[in-house]
Amino acid sequence: MSFSTLAEWALVVWVATTAVGLNSSPVLMARENNSAAIELESESQAVREGNRLRTERQWAEAIDFYEKANKKWPENDSLKLGLRQAKIQFSVERRYSDRSFLNSMLPLSRPAAMAYLDDVLDKVRKFYVDPVTPTSFVAHGTESLYFALSNEKYLQRNLPSADAAKVTSVRRTLRNSYWNKQVGSHEQARRTVMDLCDLAQYELGLAPGAVVMEFVFGGCNSLDDYSSYLSPGKLGDLYNNIDGEFVGIGIEMKSESGKGLLLVNVLPESPAEEGGALPGDYIVRIENVDCRKMSTEEAASLLQGTAGSRLRLTLVGPESDERPATLIRRAVKVKSIPVATIIDRANGIGYIKMTGFQKNTTDELDAALMKLNADGMRALIWDVRGNPGGLLTSAVEVLDRFIANGVLVSTRGRSPDQDSSYSANPQGTWKMPLVLLTDGDSASASEIVAGAIHDHHRGTIVGRKTYGKWSVQSILPCQAETGFRLTTAKFYSPSGRTYGKIGIKPDIDVAMGESTRTGYRGRRGEIAEDDRDIETGLDVLRKQMAKR
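Per the numbering used here, residue -1 is the first one in the sequence shown, and the count goes up by one each step.
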């Protein structure tokens, strides 16, 4: 079977033809929402606050809050359960805001829907990096259906006139009779899901697609945070991100309840930039629709459209100034390197900001290095802060520009074809002094880079510990233009170490300041004057060059 491998993609939603948050861990989409400001003073207060967020169905905010609370009180079962429930509800709401899911997957007949389930179970058995029992997969699907039957969007779409008492009765049956039912084989898993289709149809009149899809998608909760089933629209957007091009307005955004949609990034030369949108602005109206209480997915469905179509927005800036913007959707190129410049001319120190690892990243890097070299570069600061990763092959290619010999990264998986080792080519290596900037959002492919720089003693790592995602996802084609992003291997640094859930510590740790705000990309070409990481990197390189 032929499939693509990647490390990980965006932390928030790119607004393209069909918008999608590509990281299956929703907390990463919610790092800077309102709950971040809540002070956690006691366990009981944390439990109450989490309950409030769930009661108000603020799922993204609840996830962010619970992540912080669980780090502080890791043994609290209520906080663990709250996080789990919030993640499941968040996933259900995202599915039911996805047009491609609603139009092409939800209406499937029982035999067609079961074919999707068969495909997923088969691929998990053959390719997932760790063994997963049918019991675990079905239990997680049952859990997803249980919570979906309490979700307003799910009920509104599938059971708008449902008898509440009957819904409660079915949920009770799910919990008592099916949640931890022993399932010994693929065929038994199939039979269990078929039985639940019969139960839901008889008791509630629930269509089979609405049941089976909770097992197709929800069963993946038995896997890691980076594995997920992809609807046609989400799969298409993933490929668009890999290719670095899509149709849209060119923004990266996330919802902040009550404020609107925060523009985390505005792509250079995009319709959004040309229309006056700036990072840090909020979208508060789309056409004439107030979006201040919308989820990211809900708003994205209003923002998407065909090339050449017009879109009217209302933006609010940092000073609460409200202004209109009229944009025309068109093809937008996503650049991996938005900034490449000389930041210390006296010492010839260059700076490259790399925001992802796409198909075009190596070509962009080559062009940036040649330009900086022509401008007098003699040392380089390479910034992968906030870089969530991308293609494994791209990470290897860019590393090969800086390391002349030896292993760059290796992978080991359950299937022998996932075992690989990638080595440097001595031709074309840039040998100037190097500083690598990292932070807690430098993940996956960025960590491949950090691991190789560290193990080969090729440069100095400055900033904060990396995220700790050391696994490889493969994109497996599935039924009818859907796909499965599945963790098929773990990757290892040149010395043979893997740093999953650990991350790589920098050589020089720098406390985060206001100018290194998580997830905020800054205005085009902007480098903060008081960026502590860059200043530290400059000091390191100046001292090294003074000794030469």
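Every residue, glycine too, gets a C-beta built ideally from N, C-alpha and C.
Separation of residue j from residue i, as counted between CA atoms
{"i": "Arg522", "j": "Val264", "result": "Because the pLDDT of Arg522 is 48, which lies under 50, any placement of that residue in the model is unreliable, and the question is left without a value."}
{"i": "Leu233", "j": "Lys291", "result": "27 Å"}
{"i": "Asp415", "j": "Ser293", "result": "40 Å"}
{"i": "Ala163", "j": "Pro316", "result": "48 Å"}
{"i": "Ile247", "j": "Glu533", "result": "34 Å"}
{"i": "Asn345", "j": "Arg376", "result": "7 Å"}
{"i": "Lys463", "j": "Asn371", "result": "30 Å"}
{"i": "Leu300", "j": "Glu267", "result": "22 Å"}
{"i": "Tyr224", "j": "Ser440", "result": "15 Å"}
{"i": "Ala366", "j": "Leu77", "result": "47 Å"}
{"i": "Arg93", "j": "Gly303", "result": "19 Å"}
{"i": "Val394", "j": "Ile446", "result": "8 Å"}
{"i": "Thr360", "j": "Asp529", "result": "26 Å"}
{"i": "Gly438", "j": "Val45", "result": "26 Å"}
{"i": "Ser102", "j": "Gln477", "result": "11 Å"}
{"i": "Asp453", "j": "Ile502", "result": "11 Å"}
{"i": "Gly387", "j": "Asp161", "result": "46 Å"}
{"i": "Gln199", "j": "Asp193", "result": "10 Å"}
{"i": "Val382", "j": "Thr458", "result": "13 Å"}
{"i": "Arg546", "j": "Trp380", "result": "21 Å"}
{"i": "Lys429", "j": "Thr53", "result": "57 Å"}
{"i": "Arg495", "j": "Ala422", "result": "18 Å"}
{"i": "Lys333", "j": "Glu271", "result": "14 Å"}
{"i": "Glu185", "j": "Leu104", "result": "23 Å"}
C-beta atoms of residue i and residue j nearer than 8 Å
{"i": "Ala323", "j": "Gly278", "result": "no"}
{"i": "Val469", "j": "Ala448", "result": "For the record, residue 469 in the displayed sequence is Ser; it is not Val. Their beta carbons are not under 8 Å apart, which means Ser469 does not touch Ala448 by this criterion."}
{"i": "Arg97", "j": "Gly231", "result": "yes"}
{"i": "Thr114", "j": "Val191", "result": "Per the sequence shown, residue 114 should be read as Tyr rather than Thr. Cβ distance not < 8 Å, so Tyr114 and Val191 don't count as in contact."}
{"i": "Arg412", "j": "Val127", "result": "yes"}
{"i": "Ser548", "j": "Ser134", "result": "Residue 548 is absent from the structure shown; the chain starts at -1 and stops at 546."}
{"i": "Val314", "j": "Tyr280", "result": "yes"}
{"i": "Arg456", "j": "Thr427", "result": "no"}
{"i": "Gly384", "j": "Thr353", "result": "yes"}
{"i": "Ser392", "j": "Gln356", "result": "yes"}
{"i": "Gly306", "j": "Ile326", "result": "yes"}
{"i": "Gly216", "j": "Leu157", "result": "no"}
{"i": "Glu201", "j": "Ser159", "result": "no"}
{"i": "Leu261", "j": "Ala275", "result": "yes"}
{"i": "Pro129", "j": "Gly182", "result": "no"}
{"i": "Thr485", "j": "Asp222", "result": "yes"}
{"i": "Leu397", "j": "Ala450", "result": "yes"}
{"i": "Leu51", "j": "Glu65", "result": "no"}
Whole-number beta carbon distance between residue j and residue i, since they are thought to touch under 8 Å
{"i": "Thr312", "j": "Arg343", "result": "Thr312 to Arg343, Cβ: 42 Å. No contact."}
{"i": "Thr436", "j": "Ser442", "result": "That pair is no contact at about 12 Å."}
{"i": "Leu390", "j": "Phe125", "result": "So it is not a contact: roughly 16 Å between Cβ atoms."}
{"i": "Leu228", "j": "Thr480", "result": "6 Å"}
{"i": "Met112", "j": "Arg188", "result": "7 Å"}
{"i": "Asn74", "j": "Glu41", "result": "6 Å"}
{"i": "Arg310", "j": "Pro269", "result": "No, Arg310 and Pro269 are not in contact; Cβ-Cβ is about 12 Å, not under 8 Å."}
{"i": "Pro431", "j": "Met510", "result": "That belief does not hold up - the Cβ atoms of Pro431 and Met510 are roughly 25 Å apart, past 8 Å."}
{"i": "Ser95", "j": "Glu285", "result": "Actually they are not in contact, since the Cβ atoms of Ser95 and Glu285 sit about 17 Å apart, beyond 8 Å."}
{"i": "Glu91", "j": "Asn49", "result": "Incorrect: roughly 18 Å between the Cβ atoms, too far for contact."}
{"i": "Leu363", "j": "Ile335", "result": "6 Å"}
Beta-carbon proximity list for residue i, same chain, < 6 Å, skipping 5 on both sides
{"i": "Leu147", "result": "Val165 and Arg169"}
{"i": "Ile500", "result": "Gly466"}
{"i": "Leu172", "result": "Thr140 and Tyr144"}
{"i": "Asp373", "result": "Ile340"}
Neighbourhood of residue i by C-beta distance below 8 Å, restricted to the same chain and skipping five residues each side
{"i": "Val460", "result": "Val433, Leu434, Leu435, Thr436, Pro504, Asp505, Ile506, Val508, Asp531, Thr534, Gly535 and Val538"}
{"i": "Leu153", "result": "Leu147, Ala160 and Val165"}
{"i": "Arg540", "result": "Asp342, Asn345 and Ile347"}
{"i": "Gly498", "result": "Gly466, Lys467, Trp468, Ser469 and Lys488"}
Close-in-space but distant-in-sequence residues of the same chain around residue i (CB under 7 Å, 5 per side omitted)
{"i": "Pro424", "result": "Ala402 and Asn403"}
{"i": "Glu212", "result": "Gly139, Ser142, Leu143 and Ala146"}
{"i": "Val287", "result": "Leu300"}
{"i": "Phe99", "result": "Arg93 and Ser229"}
Point to revise | contact_flag[the segment 115 to 125, the segment 56 to 76] where n(CB pairs < 8 Å) is 3 or more | key: no
Review point. Is the segment 79 to 86 in contact with the segment 50 to 63, if contact means three or more CB pairs nearer than 8 Å?
Key: yes
Check your understanding: Counting Cβ pairs closer than 8 Å, one from the segment 170 to 184 and one from the segment 234 to 244, do we hit at least three?
Key -> no
Check your understanding: Is the segment 489 to 500 touching the segment 395 to 409, taking contact as three or more C-beta pairs under 8 Å?
Key -> yes
Check your understanding: Three or more beta-carbon pairs under 8 Å between the segment 98 to 114 and the segment 199 to 211, yes or no?
Key -> yes
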